[in-house]
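To start, the structure under review is shown below, and the notes come after it.
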DNA sequence: TTGAAAGCGCTAACAG
DNA sequence: CTGTTAGCGCTTTCAA
């Protein structure tokens with residue numbers, strides 16, 4: 004049909020009949036040298052003081068011929084790819100989705116080509132993806148929400164690639180994160196306040212979701228405890244259920260908690276929207292859920308969830324500010340390890 | 004601190020002190036030729052019948068020296084990048100998020116390096132992104148949910164790049180889509196059935212969201228009408244509010260509808276979760292929302308929204324099946340235009 | 001103002 | 001079984 008041939012793996016091989024145009028083709032047609040064409044087509048012609056006339060002729064011919072620059076060849080020669088990579092745990096939620104989208108926009112605004120890979124919170128995949136990005140010659144790699152950011156930084160350093168951390172901090176590269184402790188403390192205080200306002204007896208809340216050993220969860224637990232202390236309450240460790248983010252894990256954890264003979268606390272601090280799904284599912288399945296009576300707080304933000312439920316408090320991380328800080332670091336060339344800690348905001352429930 | 008230098012734009016320049024290792028470095032250390040090293044390191048050494056011993060020695064040295072293959076150079080020489088690109092409208096929802104995640108996994112399983120770009124439903128950005136991908140030498144480009152798939156296909160064809168469509172069909176390349184009409188018909192029927200079951204009078208529903216001129220919205224409207232006809236109802240055009248996907252547009256459209264002196268129909272067909280946000284917000288703001296009384300159906304799926312609301316029906320597109328069909332096409336080398344139309348599933352409300 | 005020539009790192013003929 | 005050599009498309013001295 005269109006002249007494709009296929010190799011053993013079934014992949015489409017190069018079509019000899021659609022040989023891509025090169026600067027040599029354009030040069031020949033324009034009666035100029037490849038050098039001139041290269042300069043005109045990559046924008047460096049001003050400083051090479053090529054005549055306006057020649058530049059225009061070349062541009063026109065390139066356009067007409069459907070010339071497209073081979074960035075691989077260009078990068079090989081310049082020893083600079085203008086590629087910027089990012090590792091991100093998931094795409095399908097508001098937080099990481101917004102990070103990915105904003106990262107792309109800001110990279111493009113700087114004439115960098117963004118390459119994002121989603122690692123599904125799998126440490127092995129994170130390392131593999133980092134190595135692949137380096138092999139593809141990214142100039143800079145951002146590890147977002149990585150389980151072991153320092154490991155990634157070391158891999159980058161071995162190849163002389165700059166790296167930065169986002170969302171979860173590392174000790175070896177600059178990190179931009181949210182003030183998880185402060186946000187969690189405010190959220191916890193707000194849930195307790197809701198209890199008070201509803202005339203219910205104050206009691207320690209349940210904490211569900213996350214990984215006890217990751218920095219963010221640890222910080223949120225610290226904020227959770229601090230808010231309890233502020234309210235004159237103790238937050239006993241057995242009320243902290245940090246067995247992962249997945250909905251099923253949350254459901255199982257609450258089921259086990261109740262099976263242990265304990266009463267469900269009057270309010271719940273949930274560590275992400277994905278965990279919230281499991282929490283609400285359990286509550287509904289056990290007739291413990293009433294949109295008007297539930298006292299739920301979620302350290303994460305989803306506008307649809309927010310508008311669908313009556314009494315859900317959500318903490319929204321400031322993605323634009325985080326990305327602005329990240330790119331300020333990138334633009335400045337800063338490579339020293341340091342943590343930039345940004346405040347979170349409240350996205351009122353309902 | 005680490006020997007970085009910065010150019011005018013503030014970007015980090017190449018560090019001369021961390022010159023990357025090449026196959027020549029490894030060859031010298033291994034006392035072998037660059038050819039042998041290349042073959043061993045890219046896996047083609049079996050057919051070159053290189054001795055096990057040499058291969059092992061080379062592998063070990065490459066490992067120790069932190070060698071990383073330069074894929075740009077490799078691609079330049081082979082005239083095949085093993086890059087596969089995808090254009091996607093958004094990341095931050097379950098549908099496109101799952102598509103992006105699944106696409107990456109399936110590409111990696113085939114030793115292709117996936118490059119995804121999010122185009123925010125902006126036609127200009129779609130074209131720009133397509134051209135950028137081609138300049139970066141993708142072997143194949145998948146346009147997902149593109150506003151003008153055929154335009155993208157033509158750009159690809161001009162450079163001899165294979166292209167495929169996902170979610171929204173084109174006339175010039177193979178397309179994998181959902182059965183929007185059938186899914187919408189079933190969803191509409193289910194909303195009407197809910198009305199009946201609740202003992203409410205049957206009346207035409209409101210359709211909100213989407214773009215009247217995109218294929219999927221048109222098909223869904225067709226299914227919506229067909230279900231009305233099946234129930235002996237007419238679905239008048241003024242009940243079809245397809246003014247975009249954004250929540251604000253949905254709110255504005257409903258407000259204008261009501262301001263026009265019309266009564267709100269007893270049930271609403273919503274064209275996406277993002278639109279649903281606007282619909283629910285309007286209903287709540289106007290005291291027309293009660294989780295138990297509302298009859299809402301959404302052509303899109305979000306498990307958190309589903310579990311948070313009592314009476315919300317959701318249609319789930321079969322992302323794994325769509326990706327399987329897409330990659331079957333890719334693997335087979337098929338380039339002829341044809342549409343593969345996959346059934347949707349119901350994700351029961353509540 | 002412009003062009004010729006070298007070479008980025010890798011792979012594929014081809015020669016041994 | 002292994003090595004030599006040429007060249008992928010581009011950019012960058014350097015020379016004119």
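Protein chains in written order, with this note's numbering: chain G, 4 to 353; chain D, 4 to 353.
We treat Cβ as the ideally placed atom computed from N, Cα and C, and that holds for glycine.
Contact list for the segment 190-203 of chain D against chain G, Cβ threshold 9 angstroms = none
Unbroken beta strand (DSSP E) runs of length 3 or more, entirely within the segment 293-343 of chain D: which are they?
-> 299-301, 315-319
Nearest to residue 47 of chain D by CA position, among D:22, D:34, D:81, is which residue?
-> D:81
Could you list which residues in chain D have their beta carbon closer than 8 angstroms to that of residue 119 of chain G, in chain order?
-> 119
Which of helix, strand or coil DSSP assigns to residue 266 of chain D | coil
Where residue 22 of chain D and residue 65 of chain D are concerned, what is the direct C-alpha to C-alpha distance, given to the nearest angstrom?
-> 15 angstroms
For residue 253 of chain D, which residues of its own chain have a beta-carbon under 6 angstroms away from its beta-carbon, when the five flanking residues on both sides are left out?
-> 211, 212, 278, 281, 282
When DSSP labels each residue in this structure, what does residue 350 of chain G get in the three-state scheme?
-> strand
Would you please verify whether the beta carbon of residue 320 of chain D is less than 8 angstroms from any beta carbon of chain G?
-> no
Span separating the alpha-carbon of residue 344 of chain G from that of residue 177 of chain G | 11 angstroms
Expected contact under 8 angstroms - CB spacing of residue 272 of chain D and residue 194 of chain D to nearest Å = 6 angstroms
When the Cβ atoms of the segment 242-262 of chain G are set against those of the segment 213-226 of chain G, are three or more pairs found closer than 8 angstroms?
-> yes
What is the DSSP secondary structure of residue 127 of chain G, counted as helix, strand or coil?
-> helix
Between the Cα of residue 321 of chain G and those of G:200, G:183, G:140, spot the shortest distance and give me the residue it belongs to.
-> G:183
Report the rounded CA-to-CA distance for residue 71 of chain D versus residue 296 of chain G, giving the unit in angstroms.
-> 57 angstroms
What residues in its chain sit with their C-beta under 7 angstroms from that of residue 238 of chain D, if we drop five residues either side in the sequence?
-> 207, 227, 228, 231
Identify whether residue 115 of chain G lies in helix, strand or coil by the three-state DSSP scheme.
-> coil
May I ask you to list, following chain order, the residues of the segment 59-77 of chain D that have a beta carbon less than 7 angstroms from some beta carbon of chain G?
-> 69, 71, 72, 73, 74, 75, 76
Of the choices D:144, D:163, D:24, D:151, whose alpha-carbon is the least far from that of residue 332 of chain D?
-> D:144
Report yes or no: do the segment 154-161 of chain G and the segment 259-268 of chain G share at least 3 C-beta pairs separated by less than 8 angstroms?
-> no
Using a beta-carbon distance below 8 angstroms, is residue 162 of chain G in contact with chain D?
-> yes
Name the chain G residues whose beta carbon is nearer than 8 angstroms to that of residue 251 of chain D?
-> Those within 8 angstroms of residue 251 of chain D in chain G number zero; the least Cβ separation is about 11 angstroms.
Just how far apart, CA to CA, sit residue 300 of chain G and residue 191 of chain G?
-> 7 angstroms
Within 10 angstroms of its Cβ, does residue 50 of chain D collect 16 or more other Cβ (buried), or is it exposed?
-> exposed
Whose C-beta lies closer than 6 angstroms to the C-beta of residue 175 of chain G among residues of the same chain, with five residues either side of it excluded?
-> 153, 156, 340
Is residue 104 of chain G close to chain D, meaning its C-beta is less than 8 angstroms from at least one C-beta of that chain?
-> yes
Within 10 angstroms of the Cβ of residue 14 of chain D, are there 16 or more other Cβ atoms? Answer buried if so, exposed if not.
-> At residue 14 of chain D the pLDDT is 42, less than 50, meaning the model places this residue with poor confidence; the figure from the coordinates comes in the next sentence. Residue 14 of chain D comes out buried.
With a cut-off of 8 angstroms, does the C-beta of residue 95 of chain G fall near any C-beta of chain D?
-> yes
May I ask you to list, following chain order, the residues of the segment 269-285 of chain D that have a beta carbon less than 7 angstroms from some beta carbon of chain G?
-> 276, 279, 280, 283, 284
May I ask you to report which of helix, strand or coil DSSP gives residue 71 of chain G?
-> coil
Closest by CA to residue 83 of chain G, which one among G:142, G:147, G:311?
-> G:142
Which residues in chain D sit within 8 angstroms of residue 100 of chain G, going by Cβ to Cβ distance?
-> 93, 94, 95, 96, 100
Which first and last residues belong to the alpha helix (DSSP H) in which residue 33 of chain G is found?
-> 26-33
Check each candidate in G:308, G:326, G:314, G:329 and name the one with the smallest Cα separation from residue 96 of chain G.
-> G:308
Compare the beta carbon distance of residue 146 of chain G and residue 162 of chain G with 8 angstroms and say whether it is the shorter of the two.
-> no
By the criterion of Cβ-Cβ separation under 7 angstroms, what are the contact partners of residue 26 of chain D in chain G?
-> Chain G residues near residue 26 of chain D: none, gap ~13 angstroms exceeds 7 angstroms.
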